[in-house]
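There are 2 protein chains.
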Amino acid sequence: MTKLSDLGEFGLIDRLASKVGAGKEVIKGIGDDCAVLDGDDHYTLVTTDMLVSGDHFNRQWQTPFQIGWKSMVANVSDIAAMGGYPLWVLVSLALPDDVDVEYLDSIYDGMNSASKKYDMEIIGGDTTHGDIFVVNIVIIGRVEKEHLCLRSDAKIGDKICVTGDLGKSWAGLDLLRAGVEGYTDYHLEPSCRLEEGRMLAPYVNAMIDVSDGLSSEVLHICNQSGTGAAIYKDKIPISSRTREAADRLDKDPYRWALSGGEDFELVFTIPESKLDKISNIPYFVVGDVTEKGAYLVEDEQKRELVGGYDHFRS
Amino acid sequence: MTKLSDLGEFGLIDRLASKVGAGKEVIKGIGDDCAVLDGDDHYTLVTTDMLVSGDHFNRQWQTPFQIGWKSMVANVSDIAAMGGYPLWVLVSLALPDDVDVEYLDSIYDGMNSASKKYDMEIIGGDTTHGDIFVVNIVIIGRVEKEHLCLRSDAKIGDKICVTGDLGKSWAGLDLLRAGVEGYTDYHLEPSCRLEEGRMLAPYVNAMIDVSDGLSSEVLHICNQSGTGAAIYKDKIPISSRTREAADRLDKDPYRWALSGGEDFELVFTIPESKLDKISNIPYFVVGDVTEKGAYLVEDEQKRELVGGYDHFRS
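As you go down the protein sequences, you meet chains U and F in turn. Per the working numbering, the first sequence starts with residue 54, numbered consecutively. Per the working numbering, the second sequence starts with residue 54, numbered consecutively.
What follows is the structure in structure tokens.
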């Protein structure tokens, strides 16, 4: 018997990927933010996320509107990371006995608000009973062929950048867990970088969204691009609100940024020569793509980057 | 507070359908076996099913291979009901602590066997932790535009037919529940009528698969086509193995056929004049599409048809 935690979440994904074949018209299967299917004048993007009560959301402090909203945003963020745009959504729900119709309506209000914001439509799904509350979202989107951004296209010498400050989601989560007032808004009702992803797509090499923390996302890029990376700790953007939360809880905000996740910012690599093309987008340079080894650099010391949030080990 | 069971599964689907809009290029949204998206020379079909341990499968008597297999077949059956064929699959799994890697491998063996049989490929998904075991499958397929079969196209005077014997899945389930030996194979490792759906598609008017029992499927056709139906009880095909199981358990096999579900046969309506076109497919005529009212007819008595299996009421 091998425990799932022995493999970990990403070991497991590798194992599953090795068990399935490459498909008809499949440009990219398991192993990126979305699956990519060929089309006449575009690629089709498909992404799915399963969110389980207790593991991924908490009904004590998240309203049903917020659960609906966030489950959509997490998936739109995966579409954004490919440089694409979302079109259609399928929503599967398993609902326990204590969910009533009004609660369900609020979940859908949250989902519909997100659908309106990101210009997509719910076209189907499945609603069933379960002893635990589970939400599964599928989003189908598109990207122009020349704008597809994969994790695997980083080039040695690229700058590694992020579209915004990190650690903000786990700051909120840790505040809520501790029952301490503070900056919880972003954790409860995050947004994602769809517009920025569209603007970045023509210029960047590799792109990924921050689901599991900067460390984990940079490691994915390195593994799939066959490169290394140096991340400069003092360049990681952390807002004063996140720092305040860290002070209040006596926590390290860099740990939130590196290993927390759910910030839904985009991490991308881009040749330095193209940085002037993206000057209309707020971004922060946090590191360099190198030949090999992935390190966090602080005061000229370097430590190996380690993976981010792992659902089977945390 | 309104309980979900006050609305029931199909009342809930109607309510959710009314809360979401019609989408871009959406030929059919919520309310059929698949969502249907426009394309250049074909329609794209998308279907999803969420299966929750305890509600939809039972780890005591279903092997992981069988859980993987059946979860795929249930979704292929939805594609078959539209007249289409499957291409790509996304698998989301929430796994509790007691699932080990070998168990997960067996689930994937079941899924891969079904993928091979129905000529489709697993291209992505999500694997996460959950306190309960949940499987969500998404299948994307296609159908030629002229062969799309909806629930809403039944015509008065059509014959109502099924592709095989009914009640066989719930016969197995009730045997397993009672711990009695018998015909449980079909419940544990069902197949579906993909090939038959493809052969029927050019000729039939309305089509649906048997997920929730013949009553429920005929009522869906009637509601969406604006017709009635007469189902002749003595024409409902029930195999001798299913009858034996019913005898052994002192159950009514017609109840299994009408309200059990998971038989994954196809129910279709077809003009009598076209029956000779489908003579290469085994089928059973079980009723007529009428002007209004949906009835089960027995010995010249008629009773109103009532809905099938309801996940919120059962």
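Every residue gets a Cβ at the ideal spot worked out from N, C-alpha and C, and that includes glycine. Since the model is a prediction, treat every value here as computed from it, not as a measurement.
- Annotation: Cβ neighbours of S145(F) in chain U (cutoff 8 Å, chain order): T101, D102, M103, N189.
- Shown here, N111(F) sits in coil according to DSSP, grouped into three states, outside any helix or strand.
- With a beta-carbon spacing of about 12 Å, G279(F) and G346(F) fall beyond the 8 Å limit used to define contacts.
- Under DSSP, L349(U) shares a beta bridge with I284(U), R356(U).
- Judged by DSSP secondary structure, R195(F) falls within the beta strand (DSSP E) whose first and last residues are 187-196.
- At a beta-carbon threshold of 9 Å, the residues of chain F lying near L90(U) are L140, W141, I176, I193, ordered along the chain.
- Bounds of any alpha helix (DSSP H) do not take in H182(U); it lies within the beta strand (DSSP E) bounded by 174-182.
- Put simply, the CB of D218(F) is far from chain U, with every gap to its CB atoms at 8 Å or more.
- For S293(F) and K221(F), the gap between their C-alpha atoms comes out near 10 Å.
- Nearest to P139(F) by C-alpha distance, out of E315(F), T116(F), Y171(F), is Y171(F).
- Rounded to whole angstroms, the Cβ separation of L148(U) and T180(U) is 7 Å, and the two are in contact under 8 Å.
- Of the candidates D341(F), L328(F), G250(F), E315(F), G250(F) places its Cα closest to the Cα of A134(F).
- Around the Cβ of G178(F), a 10 Å sphere holds 16 or more other Cβ atoms; the residue is buried.
- For K355(U), the closest alpha carbon among the candidates P335(U), D287(U), E318(U), D329(U) is that of D287(U).
- Under the three-state reduction of DSSP, I289(F) is assigned to coil, being neither helix nor strand.
- For the stretch 250-262 of chain F, the set of positions with a beta-carbon nearer than 7 Å to some beta-carbon of chain U is empty.
- Beta bridge pairing from DSSP links L146(U) with T180(U), V188(U).
- Contact check for D316(U) against A259(U) fails: the beta carbons are separated by 8 Å or more.
- Any Cβ of chain U closer than 8 Å to the Cβ of E155(F) would place that residue at the interface, and such an atom is present.
- Within the model, the alpha-carbon separation for L143(F) versus H109(U) is close to 20 Å.
- D265(U) has a beta carbon lying at 8 Å or more from every beta carbon in chain F.
- In the DSSP assignment, G121(F) falls within the unbroken alpha helix (DSSP H) covering 117-133.
- Sequence-distant Cβ neighbours of V191(F) in its own chain, meaning closer than 6 Å and more than five residues away, are T101, L143.
- Counting along the chain, Y96(F) sits inside the beta strand (DSSP E) bounded by residues 96-105.
- Contacts between V152(F) and chain U, judged by CB atoms closer than 8 Å, involve L57 in chain order.
- The beta carbon of V79(F) sits closer than 8 Å to some beta carbon of chain U.
- K81(U) is bridged by DSSP to V89(U).
- With distances taken between CA atoms, D158(U) lies nearest to K56(F) out of K56(F), P306(F), K330(F), D262(F).
- Three or more Cβ pairs closer than 8 Å define a contact, and the stretch 298-313 of chain U falls short of that threshold against the stretch 76-92 of chain F.
- For the stretch 208-240 of chain U, the set of residues with a beta-carbon nearer than 9 Å to any beta-carbon of chain F is empty.
- Under the 10 Å beta carbon count, S326(F) is surrounded by fewer than 16 other beta carbons and is classified as exposed.
- Rounded to whole angstroms, the Cβ separation of L319(F) and V215(F) is 7 Å, and the two are in contact under 8 Å.
- Residue contact with chain U for T181(F): present (Cβ-Cβ distance below 8 Å to some residue of chain U).
- Under the 8 Å criterion on CB atoms, G107(F) is classed as interfacial with respect to chain U.
- Contacts between D93(U) and chain F, judged by CB atoms closer than 7 Å, involve D93 in chain order.
- In terms of beta-carbon proximity, G61(F) stays away from the interface with chain U, with every pair separated by 8 Å or more.
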